[in-house]
Amino acid sequence: MSISAAEHYRQQQILNSSPAERVVLLYDGAIRFMMITRQAIEANDIQKRFDNSQKARNVVQHLLETLDMEKGGEIAENLSNIYNYLLRQFLDVDKNSIEAVDEILKHLKILRASWAKIAMGEKEGVKDTPIDNIMA
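The numbering of the sequence shown is our numbering, which starts it at 8 and goes up by one.
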């Protein structure tokens, strides 16, 4: 089975990225899925809402599961609290709540911006980025 040029590019982007850049890519995916979820709710497309909210939920669950709570200390604990909050918000997304979608998007965008700064620091050679302590 052949893959599209876009899929090949995406695979190469993942393979050639730093750990923090991979986290940013996860946030990008979750944000994209939640934007589609929002459109699906507005269009009353239940299946599309379900499929895309489930993909975003899986990303958040993965981010939660890969936290290193021992090494990550307070930062990992705070991220865990945020991720658990977002996972609870998905219960309202399942009830077609645009407000819950917007709440999730708000937090994902803030977190993505923070991780993008960490990734930029890695590229610039900053030694003390928290990625090694936060993610398992």
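No residue lacks a Cβ here, since even glycine has one placed at the ideal position from N, Cα and C.
Here the structure is a predicted model, which is why all the values come from computation and not from measurement.
Look at the alpha carbon of residue i and the alpha carbon of residue j, and state the distance between them as a whole number of angstroms.
{"i": "T44", "j": "A27", "result": "26 Å"}
{"i": "G128", "j": "R119", "result": "14 Å"}
{"i": "F40", "j": "K62", "result": "7 Å"}
{"i": "D52", "j": "S24", "result": "35 Å"}
{"i": "L74", "j": "L32", "result": "16 Å"}
{"i": "L112", "j": "M42", "result": "8 Å"}
Leaving out five residues on either side along the sequence, give the residues of the same chain with a beta carbon under 7 Å from the beta carbon of residue i.
{"i": "I48", "result": "R56, N103, I105 and V108"}
{"i": "H114", "result": "I89 and L93"}
{"i": "K116", "result": "I38"}
For residue i, count neighbouring Cβ atoms within 10 angstroms of its own Cβ and tell me buried if that reaches 16, exposed if not.
{"i": "A13", "result": "exposed"}
{"i": "A83", "result": "buried"}
{"i": "G80", "result": "exposed"}
{"i": "L70", "result": "buried"}
Measure from the alpha carbon of residue i to the alpha carbon of each residue in the options, then state which is nearest.
{"i": "V100", "options": "K116, S25 and Q54", "result": "Q54"}
For residue i, collect the residues of the same chain with a Cβ closer than 8 Å to its Cβ; drop the 5 residues on either side in sequence, then sort them by chain order.
{"i": "N59", "result": "F40, M41, I43, T44 and A47"}
Inset, instruction - Please determine if the stretch 25 to 39 and the stretch 63 to 77 are in contact, where contact requires at least 3 C-beta pairs separated by less than 8 Å. - result: yes
Inset, instruction - Determine contact between the stretch 118 to 132 and the stretch 94 to 101, defined as no fewer than three beta-carbon pairs at a distance below 8 Å. - result: no
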